[in-house]
Amino acid sequence: MKITREFIEAIPKTDLHVHLDGSLRLSTILELADQQDVELPGNPQSEDELARAINMGAICEDLTDYLKAFDVTLSVLQTEEALYRAAFELGEDAALENVKYMEVRYSPLLHTREGLSYPVIVEAVGEGLREAKRQYGLMSGQIICGIRHMTPEASLRMAELCVAFKHKGVVGFDLAGAEANNPAKDYREAFYLVRNNNVNLTIHAGEAYGPESIHQAIHMGGAHRIGHGTRLREDGDLLNYVNDTRIPLEVCLTSNVQTRACKSFESHPLPFYMSYGLRCTINTDNRLVTDTTVSEELARAVQYYDLNIGDLRKLMIDGFKSSFLPYRKKRSVTARACAEFDAVVREFEERRGESAVTDPQVAQELAFQKATADSRTPLAYAVGPEDRGYPLLRRRPYERDAAEATESSVTEEDSSESTEQVSQAE
Ligand SMILES: [Zn+2]
């Protein structure tokens, strides 16, 4: 079965890297400008004019050019009501394409022009997200951003805010903004404060600058996740470190092409990263400015990299695994998502009267997953050995069962050897 857009929209998803101020609806910007009596830069009068004014979905000169769109969106995001509405509508748009968990990032530094205080900004966004949860069941958290092209002191204020709102809707800290000429090491104080208070940290790196930036983010910043990591492939040693320590990458395909972090979809490193075993998540970055959705990003990945159902399931699991949810919550949420994913596959198989999986090895893998789901609790199913079965291990189910029966706590490599021995014995 061809993986259709309808199928992609039906499966559960995450979005761990989405900017609030880059993800408004066109209609909302125009309405807010009207209500607030704000003249938008370029004075656009229609959604088409506005779309052109912000380079919506268009290839930009570079990241700095791309960031100009935010002058427009930020001009209407200076009141509590506007922040509440932007957060709620973002949650609504995500929930309607079956995003189950979302981490929304923004910098309160950019919302104070009309006198809002930092705590009021965080509370307004939090209230919008809570309303999305009430209406749609969408789980979410906020990530507070420091800004590279502002002073390190400003980012330190954001780190303090982040710590103050830990367990009050804020789940992490990020460093965003113009990456080139603004190295992460300059913001060490902010990173230290955040980590010293056991708050999660992600840093935009390897998007508009080389792997040195990722190196700094990890070793000077202490990042638990990397935003983009597009240029990680230029440093094999660092790539192995990221892989070995399972640091997740927040991949934003379309945004990377739009900002010229990557020349084209064809040349994007995602398929290499996936085949190498890196923990990759699929994200929108900016729903409005990049003119995308999570479904659109997944559809492009399927189109350009020939992903199969097993690959999509792996990406979904890695999305939940990489979230800043507490571990025990993450386990149950991931288990539910896996069960839902498999139910969607079964539904599509039945509806079409054909096998949803044309690759027999994928079918075997899915058969194994389903068998495991039936015979064990859903929890054990989702949280078995790291990355079990993905990328597809190309083993037949009974072989894996035999391997598991003889090897209870062995490494993945040991387990493979054991499987081979069993195969040979047969
Ligand atoms: Zn971003």
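Start counting the sequence shown at 1432; every next residue gets the next number (the working numbering).
Each residue gets a CB set at the ideal place from its N, CA and C atoms; glycine is no exception.
Computed from a prediction, not measured in an experiment: that's the story for all the values here.
Exercise. Taking the alpha helix (DSSP H) that E1781 falls in, what are its first and last residues?
Worked result: 1758-1783
Exercise. Hey, would you say Y1618 sits closer than 8 angstroms to G1577, going by beta carbons?
Worked result: yes
Exercise. Leaving out the 5 sequence neighbours to the left and right, which residues in its chain are closer than 8 angstroms to A1730 when beta-carbon positions are compared?
Worked result: Excluding sequence neighbours, A1730 sits near R1436, I1439.
For this session: Compute the distance between the beta-carbons of T1510 and G1453, then report whether it is under 8 angstroms.
Result: no
For this session: Throw me the rounded Cβ distance for the G1522 and S1571 pair, which I believe falls under 8 angstroms.
Result: 6 angstroms
Exercise. What separation, rounded to the nearest whole angstrom, lies between the Cα atoms of Y1812 and A1766?
Worked result: Confidence at Y1812 is low in this model, with a pLDDT of 35, below 50, so its placement is unreliable and no value can be given for it.
Exercise. Any chance the segment 1462-1475 sits against the segment 1549-1556, with 3 or more Cβ pairs inside 8 angstroms?
Worked result: With a cut-off of 8 angstroms on Cβ pairs, the segment 1462-1475 is not in contact with the segment 1549-1556, counting fewer than three such pairs.
For this session: Assign S1477 to one of three DSSP states: helix, strand, or coil.
Result: S1477: coil per DSSP, three-state reduction.
For this session: Output the residue ranges of the alpha helix (DSSP H) runs that lie fully inside the segment 1514-1571 and measure 4 residues or longer, sorted by chain position.
Result: 1549-1567
For this session: Quick one: grab the DSSP three-state call for D1675.
Result: Helix at D1675.
Exercise. What do you reckon, is the C-beta of G1658 under 7 angstroms from a heavy atom of ligand 1?
Worked result: Checking every heavy atom of ligand 1 against the Cβ of G1658, one is found closer than 7 angstroms.
For this session: Answer yes or no: does any C-beta atom of chain D fall closer than 8 angstroms to that of P1702?
Result: In the displayed structure, chain D is absent; only one protein chain is listed.
Exercise. When DSSP labels each residue in this structure, what does E1835 get in the three-state scheme?
Worked result: Unreliable positioning characterises E1835 in this predicted model, as indicated by a pLDDT of 42, which lies under 50. The coordinate reading is nonetheless provided below. Reduced to three states, the DSSP call for E1835 is helix.
Exercise. Since I1645 contacts G1637 with CB under 8 angstroms, what's their CB separation in whole angstroms?
Worked result: 4 angstroms
Problem set entry | Inter-residue spacing [alpha-carbon to alpha-carbon] between Y1497 and R1783 | 42 angstroms
Exercise. When DSSP labels each residue in this structure, what does R1456 get in the three-state scheme?
Worked result: coil
Exercise. From P1583, T1445, R1456, L1457, pick the residue whose C-alpha is nearest to that of E1534; which is it?
Worked result: T1445
Problem set entry | H1580 beta carbon near ligand 1 (any heavy atom closer than 7 angstroms) | no
Exercise. What are the complete alpha helix (DSSP H) segments, minimum 4 residues, inside the segment 1607-1635?
Worked result: If we require 4 residues or more, the alpha helix (DSSP H) runs fully inside the segment 1607-1635 come out as 1619-1627.
Exercise. In or out: G1473 buried (at least 16 other Cβ within 10 Å) or exposed?
Worked result: exposed
For this session: May I ask you to verify whether the segment 1677-1693 touches the segment 1727-1746, counting CB pairs closer than 8 angstroms and requiring at least 3?
Result: Yes: the two stretches touch, three or more of their Cβ pairs being nearer than 8 angstroms.
Exercise. If we count Cβ pairs, one from each stretch, closer than 8 angstroms, do we get three or more for the segment 1622-1638 versus the segment 1579-1594?
Worked result: yes
For this session: Give the straight-line distance between the Cα atoms of K1433 and F1779, rounded to the nearest whole angstrom.
Result: 11 angstroms
Exercise. If you check the beta carbons only, do A1611 and A1648 fall under 8 angstroms apart?
Worked result: no
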